[in-house]
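Below is one structure, written out as structure tokens, with a few remarks after it.
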Amino acid sequence: MELEEGKAGSGLRQYYLSKIEELQLIVNDKSQNLRRLQAQRNELNAKVRLLREELQLLQEQGSYVGEVVRAMDKKKVLVKVHPEGKFVVDVDKNIDINDVTPNCRVALRNDSYTLHKILPNKVDPLVSLMMVEKVPDSTYEMIGGLDKQIKEIKEVIELPVKHPELFEALGIAQPKGVLLYGPPGTGKTLLARAVAHHTDCTFIRVSGSELVQKFIGEGARMVRELFVMAREHAPSIIFMDEIDSIGSSRLEGGSGG
Numbered sequence: 000m001e002l003e004e005g006k007a008g009s010g011l012r013q014y015y016l017s018k019i020e021e022l023q024l025i026v027n028d029k030s031q032n033l034r035r036l037q038a039q040r041n042e043l044n045a046k047v048r049l050l051r052e053e054l055q056l057l058q059e060q061g062s063y064v065g066e067v068v069r070a071m072d073k074k075k076v077l078v079k080v081h082p083e084g085k086f087v088v089d090v091d092k093n094i095d096i097n098d099v100t101p102n103c104r105v106a107l108r109n110d111s112y113t114l115h116k117i118l119p120n121k122v123d124p125l126v127s128l129m130m131v132e133k134v135p136d137s138t139y140e141m142i143g144g145l146d147k148q149i150k151e152i153k154e155v156i157e158l159p160v161k162h163p164e165l166f167e168a169l170g171i172a173q174p175k176g177v178l179l180y181g182p183p184g185t186g187k188t189l190l191a192r193a194v195a196h197h198t199d200c201t202f203i204r205v206s207g208s209e210l211v212q213k214f215i216g217e218g219a220r221m222v223r224e225l226f227v228m229a230r231e232h233a234p235s236i237i238f239m240d241e242i243d244s245i246g247s248s249r250l251e252g253g254s255g256g
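Numbering that gives the first Met the number 0 puts the first residue of the sequence shown at 0, with every later residue one more than the last.
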């Protein structure tokens, strides 16, 4: 009798253990479903926020786009707006004046010219795809037979970058750049990369043919945006390869080049 009761108790225990395991599997399944639904909810909430922001932008009045020249005080800045000119404008209370730096793009209300938004720098996709190399690994020791050119480029490029105070003390302007010329394979690119290495500058390489566009003004715009990108990666060195493609000869009618 006692043996039968023991077997019955053991069977009852196994029964409840199996039920607990089944319930645990159900709980785990429900927990996974809950996490999936929470992730979907967060994704939908993010989409709702974006749609609300887009709706708010659509409901706002149009704005002028300007470029900051300099801050006048804690509440006013000098902004350049094309083609109207330069204006001293008020800064919205929601804008931190420390974030309003020279050359940054801003939005101005069309009714009061109040600066109410800081815009990201607009860089052409073609410009952003140009070769940008953070401090190349090339050195002067890798270059042979160009000792005179290395000495000259050190004086013109490396010295102003490392010791600008010397030029300020003498009251002379720093050189803006150098022209490297010669047949292909003579070390022009390697020399430019070595200068960037020894001055700890970002090396930006662009082909002159990429700056020649068929639409009037497109090439000039890309050059401006190229220098915007260079400022964002400052200090930087821009190496324009095939520069002769930009300075093509004019046609007899004066409409080319």
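We put the CB at the ideal spot given by N, CA and C, even for glycine.
As an exercise, report each continuous beta strand (DSSP E) stretch of at least 3 residues that is fully enclosed by the stretch 159-217, in chain order. With a minimum length of 3 residues, the unbroken runs of beta strand (DSSP E) contained wholly in the stretch 159-217 fall at 201-206.
Residue burial classification, residue 213 (beta-carbon count within 10 angstroms, cutoff 16): Because residue 213 carries a pLDDT of 47, less than 50, the predicted location of this residue cannot be relied on, and no value is offered for it.
Thinking C-alpha only, which one of 190, 198, 107 and 108 is nearest residue 239? 190
Sequence-distant residues of its chain with Cβ nearer than 6 Å to residue 252 (five each side left out): The predicted model places residue 252 with a pLDDT of 48, which falls under 50 and marks its position as unreliable; any figure quoted below should be read in that light. Around residue 252: no qualifying Cβ.
Might you give, ordered along the chain, the residues of its own chain that have their beta carbon closer than 6 Å to the beta carbon of residue 145, omitting 5 neighbours on each side? Excluding sequence neighbours, residue 145 sits near 186.
Assign residue 89 to one of three DSSP states: helix, strand, or coil. strand
Within its chain, find whatever has a CB closer than 6 Å to the CB of residue 139; leave out the 5 residues flanking it on each side and keep chain order. 149 and 193
Within its chain, find whatever has a CB closer than 6 Å to the CB of residue 179; leave out the 5 residues flanking it on each side and keep chain order. 187
Across the stretch 216-235 and the stretch 162-180, are there enough close Cβ pairs to call them in contact, namely three or more that are closer than 8 Å? no
Can you tell me whether residue 47 is buried or exposed? The criterion is at least 16 other CB atoms within 10 Å of its CB, across all chains shown. exposed
Around the C-beta of residue 228, are 16 or more other C-beta atoms found within 10 angstroms, so that it is buried, or is it exposed? buried
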